[in-house]
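Just so you know, the protein sequences line up as chains E and X, in that order. Residue 43 in the numbering used here is what sits at position 43 of the first sequence, and the numbering runs on without skipping anything. Residue 180 in the numbering used here is what sits at position 49 of the second sequence, and the numbering runs on without skipping anything. All residues carry an ideal CB built from backbone N, CA and C; glycine is no exception. Bear in mind that the values here come from a model prediction, so they are computed numbers and not experimental data. Inspection log for the structure reproduced underneath, given as C-alpha cells.
There are 2 protein chains.
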Amino acid sequence: MKLVILHCREFGFELGKKGKLAEEVEEESASVSNCMVALICVEKEDGNEKIERAANEISSLAEKVSSKEIVIFPFAHLSNELAPPEDAKRIARGIYDQLEGYSRTWVPFGWFKIWKLESMGHSLASNFRSL
Amino acid sequence: MKLVILHCREFGFELGKKGKLAEEVEEESASVSNCMVALICVEKEDGNEKIERAANEISSLAEKVSSKEIVIFPFAHLSNELAPPEDAKRIARGIYDQLEGYSRTWVPFGWFKIWKLESMGHSLASNFRSL
C-alpha cells in the first residue's frame with residue numbers, strides 16, 4: 001500500500017462520469033477545510049491487516065497537525081502493482097470506517113471526477129508511507 | 132523514478148520558508164492554467180538516462196490532452212528510496228531542460244511552499260509512471 005498524506009487548507013471534488021466500477025453515491029460533491037487528505041493506493045499483496053496500520057499512520061499525522069478532518073481518497077496512481085478493484089475499495093473503506101473519531105469525507109470509488117486541493121506549506125504538510 | 136502526472140485546470144505555488152537545500156529563485160510564486168503537472172520523485176538508482184525517458188512520458192501525455200504547458204514539480208513523497216538531493220535536483224532540472232518545446236514552470240527545489248491544483252476529470256487526467 002502506498003499513501004500520500006497531505007495537510008490541506010482546502011480539498012474538494014465534483015463527480016463527473018461513472019467509471020465501470022462506480023459505486024452508488026449520496027453526495028456528488030464535497031468541500032472541506034483544514035484537513036488531512038490521504039491518497040490511498042491499495043496493492044496486490046495488501047490484506048485486511050493493512051487497514052489498522054494505515055488508519056494509525058493517518059491519525060498519527062492528523063494529531064501532529066491538530067486536524068480533526070480526514071479525507072479518504074482511493075487513488076490508483078501511486079503504484080503499478082494494483083489490487084483488484086473490489087479489494088481496493090473494501091480496504092480503503094475499512095480505513096475510513098476505522099477513523100470514526102474524526103469528521104470524514106469519502107471520495108467515491110470508480111468515478112471520473114474533478115478534484116482540487118491546496119496543500120499547506122509547513123514541514124509536516126506532505127508525507128509518504130509505504131506499508 | 133516515480134512520476135504522478137496530472138492534467139490540471141489550474142496549478143499554483145507560493146514559496147514559504149527556505150529548507151536546508153533551497154536553491155536561489157527569481158519567482159516566489161507562479162500560477163498556470165491548462166497544464167500537465169509532473170510530480171517527480173528521483174530514486175537512488177536513477178541516473179541521467181532517466182531524463183529523456185521521463186521527458187518523453189510527460190510530453191507524450193501532454194500531446195494526448197493537447198496541453199503546451201508543463202509544470203515540473205520535484206516531489207520527494209512518492210518513494211522511500213530517495214536519491215541524494217543534489218542528484219534529484221540535477222535530474223529533475225534535466226527533465227525541465229529537455230522539454231524546451233513547451234511553456235514550462237519549475238517549482239523551486241528545497242523550499243517549503245503552499246501549492247494548489249485542480250485536476251481535470253477525464254480518463255487521462257491522472258497518470259502514474261515508474262521508470
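Among the options, nearest to residue i - alpha-carbon criterion
{"i": "E:Glu81", "options": "X:Ser261, X:His253, X:Lys181 and X:Leu213", "result": "X:Ser261"}
{"i": "E:Phe109", "options": "E:Val42, E:Gly47, E:His7 and E:Val4", "result": "E:Val42"}
{"i": "E:Asp46", "options": "E:Ser119, E:Lys113, E:Phe112 and E:Lys2", "result": "E:Lys2"}
{"i": "E:Asn56", "options": "E:His122, E:Glu100, E:Gly19 and E:Arg90", "result": "E:Glu100"}
{"i": "X:Ile189", "options": "X:Ser250, X:Glu249, X:Arg140 and X:Gln229", "result": "X:Gln229"}
{"i": "E:Glu63", "options": "E:Glu49, E:Tyr102, E:Arg9 and E:Leu78", "result": "E:Tyr102"}
{"i": "X:Glu180", "options": "X:Val156, X:Arg221 and X:Ser210", "result": "X:Arg221"}
{"i": "E:Gly121", "options": "X:Pro215, X:Lys247 and X:Met251", "result": "X:Lys247"}
For residue i, the first and last residue of its enclosing alpha helix (DSSP H)
{"i": "E:Asn127", "result": "Counting along the chain, E:Asn127 falls outside any alpha helix (DSSP H), though it belongs to the beta strand (DSSP E) covering Ser126 to Ser130."}
Identity of the residues DSSP links to residue i by a beta bridge
{"i": "E:Gly12", "result": "E:Ser31 and E:Lys116"}
{"i": "E:Lys2", "result": "E:Cys41 and E:Ser130"}
{"i": "X:Lys151", "result": "Beta-bridge pairing links X:Lys151 to no other residue."}
Contacts around residue i, its chain only, beta-carbon distance under 6 Å, and the 5 residues preceding and following it disregarded
{"i": "E:Val65", "result": "His7 and Leu124"}
{"i": "X:Glu159", "result": "Leu146"}
{"i": "E:Gly94", "result": "Ile51"}
{"i": "X:Ile245", "result": "Glu145"}
{"i": "X:Arg184", "result": "Leu262"}
Own chain partners of residue i with C-beta closer than 8 Å, once the 5 adjacent residues on each side are dropped
{"i": "X:Ala207", "result": "Cys172, Leu213 and Ala219"}
{"i": "X:Thr236", "result": "Phe142, Ala161, Val163, Cys166, Glu200, Ile201, Val202 and Ile203"}
{"i": "E:Ser67", "result": "His7, Asn34, Cys35 and Met36"}
{"i": "E:Leu61", "result": "Ile5, His7, Met36, Leu124 and Asn127"}
{"i": "X:Ala223", "result": "Ile171, Val173, Ile203, Pro205 and Phe240"}
{"i": "E:Ala22", "result": "Pro108, Phe109, Gly110 and Trp111"}
Residue i - containing beta strand (DSSP E), residue span
{"i": "E:Glu26", "result": "Segment: none, E:Glu26 is in no beta strand (DSSP E) and carries neither H nor E."}
Close-in-space but distant-in-sequence residues of the same chain around residue i (CB under 7 Å, 5 per side omitted)
{"i": "X:Tyr227", "result": "Ile203, Arg235 and Trp237"}
{"i": "E:Phe112", "result": "Gly16, Lys17 and Gly19"}
{"i": "E:Ser79", "result": "Lys2, Cys41 and Glu43"}
### Task
Ignoring anything shorter than 4 residues or poking outside the region 76 to 123 of chain E, list the alpha helix (DSSP H) runs there in chain order.
Segments of the alpha helix (DSSP H) lying fully in the region 76 to 123 of chain E: 85 to 98.
### Message
Just to confirm the assignment: which complete alpha helix (DSSP H) runs, minimum length 4, are found wholly within the region 33 to 69 of chain E?
### Response
As far as the region 33 to 69 of chain E is concerned, its whole alpha helix (DSSP H) runs of at least 4 residues are 49 to 64.
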